[in-house]
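**Student:** For the sequence shown, counting from 1, position 136 maps to 136 in full-length UniProt numbering; every step adds exactly one.
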Amino acid sequence: MSKITITINGQTLSCNEGESILQIARREGIEIPAICYLSGCSPTMACKLCMVDIDGKRNYSCNSKAKDGMNIQTHTPEIIKERNAIMQSYDVNHPLQCGVCDKSGECELQNYTLKMQVSTQEYHIKESYKPHKSWAKAVYDPNLCIMCERCATTCKDNLGEAKLKAQKADLEPLDSALWKDSMPKDALSVWSRKQKALIDFVSDTPCFDCGECISVCPVGALSTDDFKYKANAWELKKIESTCIHCPMGCKLTYEVRHNDMLGTPHIYRVKNDFYFNPICGTGRYAYDVSSSVNPAQNLQTAIQAFKKATGINVGNQTTNEEAFVLNHLAKLNNYSLYNEEALNFKHFINAFLTYAHKTMLNHLSHFKESQNVILIGSAINYQVPTLRYMLNNKLKILKGSQAVYMHPLNDTLIPALSKSVTSISYHPDALSIAVASLALAYLHTNPSDDEHTQTLKSIIQPLLESKRIIKTPIQKEVKKTITSQNEAGEEVSTEVTETIEEMKEEIIYQALIDSQISPEQFAALSTICQNKPTLVLGADVYADSQAQILAQILGILEYKNIINVILVPPFANALGLAMICDLSPKKAEQQEDFIIGYRDSGDFVCESDFISIDSPYTESTKDITKSSQDTPDFILPAINQLEGTYTSIDCRILPLKPALTFQGYDLSDIAKAFDMKGDYLIDYTSLICGCEFDDFDNKFLNDGTDMRGYRFKNLPLTPLTSLDSLTLTLPQYERTYNAYMLNSPSQFNTYTAKSVHLQNKVGIYVSASFLQELGLKEGQYITLTDSTHHISGTVYIDYYLNMPCFLVSPMLQGANDIFASSAWTNLHISHKEQI
1 MSKITITING QTLSCNEGES ILQIARREGI EIPAICYLSG CSPTMACKLC MVDIDGKRNY
61 SCNSKAKDGM NIQTHTPEII KERNAIMQSY DVNHPLQCGV CDKSGECELQ NYTLKMQVST
121 QEYHIKESYK PHKSWAKAVY DPNLCIMCER CATTCKDNLG EAKLKAQKAD LEPLDSALWK
181 DSMPKDALSV WSRKQKALID FVSDTPCFDC GECISVCPVG ALSTDDFKYK ANAWELKKIE
241 STCIHCPMGC KLTYEVRHND MLGTPHIYRV KNDFYFNPIC GTGRYAYDVS SSVNPAQNLQ
301 TAIQAFKKAT GINVGNQTTN EEAFVLNHLA KLNNYSLYNE EALNFKHFIN AFLTYAHKTM
361 LNHLSHFKES QNVILIGSAI NYQVPTLRYM LNNKLKILKG SQAVYMHPLN DTLIPALSKS
421 VTSISYHPDA LSIAVASLAL AYLHTNPSDD EHTQTLKSII QPLLESKRII KTPIQKEVKK
481 TITSQNEAGE EVSTEVTETI EEMKEEIIYQ ALIDSQISPE QFAALSTICQ NKPTLVLGAD
541 VYADSQAQIL AQILGILEYK NIINVILVPP FANALGLAMI CDLSPKKAEQ QEDFIIGYRD
601 SGDFVCESDF ISIDSPYTES TKDITKSSQD TPDFILPAIN QLEGTYTSID CRILPLKPAL
661 TFQGYDLSDI AKAFDMKGDY LIDYTSLICG CEFDDFDNKF LNDGTDMRGY RFKNLPLTPL
721 TSLDSLTLTL PQYERTYNAY MLNSPSQFNT YTAKSVHLQN KVGIYVSASF LQELGLKEGQ
781 YITLTDSTHH ISGTVYIDYY LNMPCFLVSP MLQGANDIFA SSAWTNLHIS HKEQI
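Below, the structure is given as structure tokens:
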């Protein structure tokens, strides 16, 4: 985009041609009021408050694009008068219940009514009957609704589900002729629109665990059923922290207040910066699980266990500071640290960066700015929901953008985001072929023959050898001129079109066909690869038996500037553990081994005791693994009770702040017995990144620039023992599969499993059609078996799944045995309980 100059209120500004005036003003700190507009989404022009004067003509700044030389005034007397009238129309019949309204104190209607100096009410209309509605965890009071449509906008442009819309309602019609001469035109338009429709839930499938519509609501029309009438906004202390459930590391704000006479802190809700950081329902609602405030702990027993240990299983919820201390203790005491997922990820990063000749991973900015995106090996709708939001927003807002989504799971939500999404459900054994198809797409369109191209050809030689030339019939239109005589005997020429059939030679690759990638899908992939797409790579790739070969392929493609690769960590802090810990491969345990389970299983377990602060006496979920239910040997503070950091997909070390009290020992107290000097875990933060914990920012600038945490600049690499090229092995496809180990929707770990607020529970998920085919009902308790091992759980419907497949949570007892060798297997029902 070309740089231009515009003037706003006499201030000369440089901007990109085509930017919206409202976005430019917000970035520069110039106030233009707007209730309906959401940054990064399509404008609705519902409120019209953002009107400005551009070169003497009235325009709406949310929808007006910057052109060179524009002169803009934001607060002329006429505009001020009209904004006052608009706010009056919004205030007509608005219930005066601010004293008990959940939004009071942070309500935009309150704020703008005061700011526009609305001191009188000149307009009136008979009130209409507006019954309350609800969906998922949202409670909708249409009497408070001002029809800004922000809820519908975020559902469409951020989430990609479009389940909310403005629907025609039987309301008192506005007599426009009566008010035409007594109120400004735009104010009358806003009022008239508000009298014609209400928000409604319009989807055929239910909504679960979201709440983004509640977050963006500027008034009290939308509230969470868990929070309604529980506390006033001005009473709540805001504690800014980071979500720890997936690798995205979204910013969230705990809102805390006492809930008893003793002043015990209690989390009442979680909010987000919805303008720049939509969050999933897990981050919003799974806030209630913590550890006992005053846990029974024996510090000396824990110290002796660490002295006795031969190894430590480092759990996925371990913070950076805890990882640093554990790594130091392991070196000091000569024992090993184990986390297989993080180790596989570390090996893949090392190989990829080596072949890409880089020392740093790409950031999410590549994803946001790239015209085209390819996603392989990550079921993003389940594993990184807010990345799916980013994908949808890109497809909706960035014109001409395209995406190819490649995963064995047939998730109907992804292709439903946009017509420009190509969805490829490759065979579960064909992950390596899916990745190698990128190299094939490059070779297919690039005639160069340098050293790296030769290396790629060598690696995927078996794939190249599967090439076949076939002849296919195509219909071709041919125009012909026919000469004839008319009645006068004159020659007349007539042009006609005939359809003829020709045989066309086509190259197909049998290995792609076998892996369920069609020639048409490969053609779409090849087209996208010609425009330097961003490739998003998921956790399935790092655990693949040919992961190092795939890392070499992708490293070469990035080095040749064909793609930008973004690696999705396999769990929330996997990048932090991979960066900090000297991890070892898990070995067969010997009888004399003594393993510490740090936020993991082991002979001596250090872990949270996972108590829901909103239902402390609830029975543990019967479905989840036994190790998650047992009382640990040494109770650790939960993530919402400690200070520390996590490392996100965006290579940022992000701050965690305690929202709840923990009056016990933590790892820093154990470390003191081994002469480590930190009084608190955050005393080790600067040793990890060179930045003191208290110096971390946790904010977005007005233009959406992410200023959160500390972004590191390089990753330590271990030189590869050999840079010789290996050769891809083609899969045999000897097995069929109907079960995939994948966390249930909204579920990531024991914190989410124990949350009483999440609607989606740990279990076995199937499509609605497969449920019917199996003769089951939702809520039944079933047992699946591979004839050797068994796994039991409650069965639920996944409304976006479109294949006969069981999605089995890894948190179910027996999951690790059944899926020991692969995330895919074949199961059948051995028992089902009647309901």
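Cβ coordinates follow ideal geometry from the N, Cα and C atoms, glycine included. Note that the structure is a prediction, hence the values are computed from the model and not measured.
Count the other CB atoms, across all protein chains shown, that sit within 10 Å of the CB of Trp191; report buried if there are 16 or more and exposed otherwise.
**Tutor:** Against the sequence shown, residue 191 aligns to sequence position 191. Under this definition Trp191 is a buried residue.
**Student:** Return helix, strand or coil for Asn564, following the three-state DSSP convention.
**Tutor:** Residue numbering aside, residue 564 sits at position 564 when the sequence shown is read from its first letter. Residue state, collapsed to three classes: strand.
**Student:** Going by CA-CA distance only, name the one from Asn372, Pro295, Ser755 that's closest to Asp226.
**Tutor:** If you number the sequence shown from 1, residue 226 lands on position 226. Taking only the C-alpha atoms, the option nearest Asp226 is Ser755.
**Student:** In this structure, does DSSP put Met70 in helix, strand or coil?
**Tutor:** Along the sequence shown, one-based indexing puts residue 70 at 70. DSSP places Met70 in coil when its eight states are reduced to three.
**Student:** Along the chain, where does the beta strand (DSSP E) that runs through Leu656 open and close?
**Tutor:** Taking the sequence shown and counting its residues from 1, the one referred to as residue 656 is at position 656. Segment 652 to 656, the beta strand (DSSP E) holding Leu656.
**Student:** Going by CA-CA distance only, name the one from Val270, His245, Cys246 that's closest to Thr253.
**Tutor:** In the sequence shown, counting from the first residue as 1, residue 253 sits at position 253. Considering only alpha carbons, the answer is Val270.
**Student:** Please name the residue, chosen from Asp209, His124, Val216, Ser223, that lies closest to Leu174 on a Cα-to-Cα basis.
**Tutor:** In the sequence shown, the residue the question calls residue 174 occupies position 174. If we check each option's Cα against that of Leu174, His124 comes out closest.
**Student:** Where do the N-terminal and C-terminal ends of the beta strand (DSSP E) with Asp200 fall, by residue?
**Tutor:** Position 200 of the sequence shown, counted from the first residue, corresponds to residue 200. Per DSSP, Asp200 belongs to the beta strand (DSSP E) from 197 to 201.
**Student:** Looking only at its chain, what residues have a beta carbon closer than 7 Å to the beta carbon of Thr386, apart from the 5 residues adjacent to it on each side?
**Tutor:** Locating residue 386 in the sequence shown gives position 386, counting from the first residue. So the qualifying residues of the chain are Met248, Cys250, Pro278, Ile279, Cys280.
**Student:** Go ahead and label Trp824 buried or exposed: buried means 16 or more other beta carbons lie within 10 angstroms of its beta carbon, across all protein chains shown.
**Tutor:** Your numbering for residue 824 matches position 824 in the sequence shown. Buried, since its Cβ has 16 or more Cβ neighbours within 10 Å.
**Student:** From Phe306 to Ile596, what distance separates their C-alpha atoms?
**Tutor:** Taking the first residue of the sequence shown as 1, we reach residue 306 at position 306. Taking the first residue of the sequence shown as 1, we reach residue 596 at position 596. So the two alpha carbons sit approximately 7 Å from each other.
**Student:** Ile30: which of Pro142, Thr7, Pro43, Ser608 sits nearest, CA to CA?
**Tutor:** Position 30 of the sequence shown holds residue 30. Minimum Cα distance to Ile30 is reached at Thr7.
**Student:** Would you identify the three-state DSSP class for Asn381, choosing helix, strand or coil?
**Tutor:** As a first step, residue 381 must be located in the sequence shown, where it is residue number 381. In the structure shown, Asn381 sits in a helix (DSSP, three-state: H, G or I).
**Student:** For Lys238, write down the residues that DSSP places opposite it in a beta bridge.
**Tutor:** Counting from one through the sequence shown, the residue named residue 238 turns up at place 238. Paired residues: Glu255.
**Student:** Between the stretch 342 to 354 and the stretch 567 to 583, do at least 3 Cβ pairs fall closer than 8 Å?
**Tutor:** With a cut-off of 8 Å, the stretch 567 to 583 and the stretch 342 to 354 count as touching, because enough Cβ pairs lie within range.
**Student:** For Ser628 and Ile611, what's the separation of their Cα atoms in angstroms?
**Tutor:** Stepping through the sequence shown from its first residue, residue 628 is reached at position 628. Stepping through the sequence shown from its first residue, residue 611 is reached at position 611. With a pLDDT of only 44 at Ser628, under the threshold of 50, the placement of this residue in the model should not be trusted; the figure read from the coordinates follows. Each residue's Cα considered, the two are about 12 Å apart.
**Student:** Quickly, what does DSSP pair Asn84 with across the bridge? List them, please.
**Tutor:** Counted from its first residue, the sequence shown places residue 84 at position 84. DSSP lists no partner for Asn84.
**Student:** To the nearest angstrom, how far is it from the Cα of Glu520 to the Cα of Arg284?
**Tutor:** In the sequence shown, residue 520 corresponds to position 520, counting from 1. In the sequence shown, residue 284 corresponds to position 284, counting from 1. The alpha-carbon atoms of Glu520 and Arg284 are separated by roughly 40 Å.
**Student:** Find out if the Cβ-Cβ distance for the pair Ile764, Gly793 is shorter than 7 Å.
**Tutor:** For the purposes of this step, residue 764 is taken as the residue at position 764 of the sequence shown. For the purposes of this step, residue 793 is taken as the residue at position 793 of the sequence shown. For Ile764 and Gly793, yes; Cβs fall inside 7 Å.
**Student:** For Thr750, name the three-state secondary structure that DSSP assigns.
**Tutor:** Taking the sequence shown and counting its residues from 1, one reaches residue 750 at position 750. Thr750 falls in the helix class under three-state DSSP.
**Student:** Only counting runs of 4 or more residues, tell me where the alpha helix (DSSP H) segments fall wholly within the stretch 682 to 715, in order along the chain.
**Tutor:** Correct list: 685 to 689.
**Student:** For Met87, does the count of other Cβ atoms within 10 angstroms reach 16, so buried, or fall short, so exposed?
**Tutor:** By 1-based counting over the sequence shown, the position of residue 87 is 87. The residue is buried, with at least 16 neighbouring Cβ atoms inside 10 Å.
**Student:** Could you tell me if Glu833 is buried or exposed, where buried requires 16 or more neighbouring beta carbons within 10 angstroms of its beta carbon?
**Tutor:** Start at 1 with the first residue of the sequence shown, and residue 833 comes out as number 833. Counting Cβ neighbours within 10 Å, Glu833 comes out exposed, since fewer than 16 surround it.
**Student:** Below 8 Å, can you find three or more Cβ-Cβ pairs linking the stretch 701 to 708 to the stretch 401 to 408?
**Tutor:** Touching, no.
**Student:** When we look at the beta-carbon of Tyr229 and count the other beta-carbons within 10 Å, is it buried (16 or more) or exposed?
**Tutor:** What you label residue 229 is simply residue 229 of the sequence shown in a count that begins at 1. Classification of Tyr229: exposed, given that the 10 Å Cβ count is below 16.
**Student:** Tell me which residue opens and which closes the beta strand (DSSP E) that Thr224 is part of.
**Tutor:** To locate residue 224, count along the sequence shown from 1; it is residue 224. Its beta strand (DSSP E) spans residues 222 to 224.
**Student:** Which term fits Glu619, buried or exposed, when burial requires 16 or more other beta carbons within 10 angstroms of its beta carbon?
**Tutor:** Mapped onto the sequence shown, residue 619 falls at position 619. Per-residue confidence for Glu619 stands at a pLDDT of 49, beneath the threshold of 50, marking its modelled position as unreliable; the derived number appears in the next sentence. Exposed.
**Student:** What residue range does the beta strand (DSSP E) around Leu164 cover?
**Tutor:** Here residue 164 is taken as the residue at index 164 of the sequence shown, counted from 1. From DSSP, the beta strand (DSSP E) with Leu164 extends over 164 to 168.
**Student:** Taking contact to mean at least 3 C-beta pairs separated by less than 8 Å, is the stretch 323 to 342 in contact with the stretch 681 to 701?
**Tutor:** As far as the Cβ criterion goes, the stretch 323 to 342 touches the stretch 681 to 701, which means the pair count is three or higher.
**Student:** Under the three-state reduction of DSSP, which class applies to Arg58: helix, strand or coil?
**Tutor:** Start at 1 with the first residue of the sequence shown, and residue 58 comes out as number 58. It is a strand residue.
**Student:** Go ahead and label Thr750 buried or exposed: buried means 16 or more other beta carbons lie within 10 angstroms of its beta carbon, across all protein chains shown.
**Tutor:** Mapped onto the sequence shown, residue 750 falls at position 750. Buried: at least 16 other Cβ atoms inside 10 Å.
**Student:** Whole-angstrom Cβ separation of Gln121 and Asp91, contact assumed at under 8 Å?
**Tutor:** Working through the sequence shown from its first residue, we reach residue 121 at position 121. Working through the sequence shown from its first residue, we reach residue 91 at position 91. The pair is a contact, with the Cβ atoms about 6 Å apart (cut-off 8 Å).
**Student:** Ignore the nearest five residues each way along the sequence and tell me which others in His366's own chain have a CB closer than 7 Å to its CB.
**Tutor:** The residue you call residue 366 lines up with position 366 of the sequence shown. Taken in chain order, the residues that qualify are Thr534, Asn564, Ile566.
**Student:** Which stretch, first to last residue, makes up the beta strand (DSSP E) that contains Thr154?
**Tutor:** As a working mapping, residue 154 is identified with position 154 in the sequence shown. Segment 150 to 154 is the alpha helix (DSSP H) holding Thr154; no beta strand (DSSP E) there.
**Student:** Can you tell me whether DSSP reads His789 as helix, strand or coil?
**Tutor:** Working through the sequence shown from its first residue, we reach residue 789 at position 789. In this structure, His789 counts as coil in the three-state DSSP scheme.
**Student:** Using three-state DSSP, classify Arg26 as helix, strand or coil.
**Tutor:** Stepping through the sequence shown from its first residue, residue 26 is reached at position 26. Note: Arg26 maps to helix in three-state DSSP.
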